[in-house]
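When you line the sequence shown up against the working numbering, it's residues 868 to 1099, in that order. Everything on this sheet refers to the single structure shown next.
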Amino acid sequence: MNRKIFQYSYSLKKEKQKHFFLILLNVAVCIAAVCLILKFLVFPVRHNSSAMLPDFEPQSLIMVTPLSKTPQRGDVVLVRQKSDEELPFFKSLARKICIFFTAQQIDFNKKSYYPGTNEHLRRVLALPGDTIYMKDYVLYVKPEGQTHFLTEFEICEKKYNVLFYIPPSEWETSLGVQGSFSQITLKENEYFVLGDNRKSCEDSRLWGPVMQDEISAKAMVCYFPFNRIKLY
C-alpha cells in the first residue's frame, strides 16, 4: 500500500513539474515575443506636452514604429535629444517592456527635471537639399532643383493643423521662439522638424536641423484619447 502511494506521489510530482516547466516556457516565449515587437516593430509613446496641439493633445498615447528609417515630408516622428545617452541593448529592452506594461507611467530613463532625457514628437517639414525660410510662423520650402518657394501647406500632401498667432507689427519675430528667419539650405541627412504649436514649442528653430540618425521612429496611430483616434 505504501509503495503504491509513493509511486502515485512521484508521478503526481513529475506531472506538476512538467506543468510548471510548460508555464515557464510559455511565459519566456511571450516575453521574448514582446521584446522583439517592442525593439523592431512598434512601441507606445506618451506625448506629455502641448507642442503638437491641436492634433495631439497632452497625455496622448501614440504607437510608433522604428521600421521607417527615411522620413517623408509631413511625417510625425520621434526625435531623440542630442544629449540622450544610448542605452545598452538589454537595458533598452527592459525600459520598453516597463513602459509597455505600466501604460507609460514608469520610464526609468526619463527625468522630468532634465528635458534633455525626453524624446519629442515633431513633424518633418523639410528634407535634405531643401531651401527654407520662415515668415510669420509659416515655413516656406523650395525643394532641391526647384525654382519657386511654396508654403508648407502647399507642398505637404498630408493635412495637419497648426497653432500660431500674428504678432503686433512692432514685434520682433526673430526673438524668443522664432516666427521668422532667413533662408537656409539643408545638408545631406538633415531634416527640419517643427511642432504644430508654433507659438510654444522646442523644435528645429532652437535645435537646428536634426540628423537622420536622431529620428528614432515614425508615428503610426494615436490610440488615446479614444475620441481622437487617428492613423498617421
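Idealized CB from N, CA, C, for every residue including glycine.
Boundaries of the beta strand (DSSP E) in which residue i is found, first to last residue
i            : result
residue 1049 : 1048-1052
residue 928  : 927-932
residue 1082 : 1082-1091
residue 998  : 998-1002
residue 912  : 910-914
residue 944  : 943-946
Assumed close pair residue i, residue j - CB separation to whole angstroms, cut-off 8 Å
i            : j            : result
residue 930  : residue 1064 : Wrong, their Cβ atoms sit about 22 Å apart, outside the cutoff.
residue 938  : residue 896  : No, residue 938 and residue 896 are not in contact; Cβ-Cβ is about 34 Å, not under 8 Å.
residue 934  : residue 903  : The Cβ separation is near 13 Å, so there is no contact.
residue 1061 : residue 989  : 6 Å
residue 1000 : residue 1050 : 5 Å
residue 1068 : residue 1029 : Not quite, the Cβ-Cβ distance comes to about 10 Å (not below 8 Å), so this is no contact.
residue 986  : residue 1083 : 7 Å
residue 1031 : residue 1066 : 6 Å
Identified DSSP bridge partners for residue i
i            : result
residue 1064 : 1030
residue 1018 : 1007
residue 924  : Residue 924 is not bridged to any residue.
residue 888  : For residue 888, which the question treats as bridged, DSSP gives no partner whatsoever.
residue 919  : Note: residue 919 sits in no beta bridge, so no partner.
residue 1059 : 993
residue 1101 : Lying before the first or after the last residue shown, residue 1101 is absent from the chain, which here runs from 868 to 1099.
residue 901  : Note: residue 901 sits in no beta bridge, so no partner.
residue 1097 : 1089
residue 1077 : 1058
Span of the alpha helix (DSSP H), counted from its first residue to its last, around residue i
i            : result
residue 1073 : 1071-1074
Best match in the options for proximity to residue i [C-alpha to C-alpha]
i            : options                : result
residue 1055 : 943, 993, 883          : 993
residue 1094 : 922, 892, 1007, 961    : 922
residue 1092 : 1059, 924, 1023        : 924
residue 946  : 1098, 1088, 1070, 1089 : 1070
residue 912  : 1096, 1086, 1059       : 1086
residue 1024 : 1099, 965, 914, 1057   : 1099
residue 942  : 1059, 927, 1044        : 1059
residue 1079 : 1029, 1053, 1089, 1088 : 1053
residue 1057 : 932, 998, 914, 900     : 998
residue 1048 : 885, 1007, 883         : 1007
residue 1097 : 1084, 1020, 1011, 928  : 928
residue 905  : 961, 1002, 882, 891    : 961
residue 1018 : 995, 940, 1072         : 940
residue 1046 : 1089, 1073, 1027, 1021 : 1073
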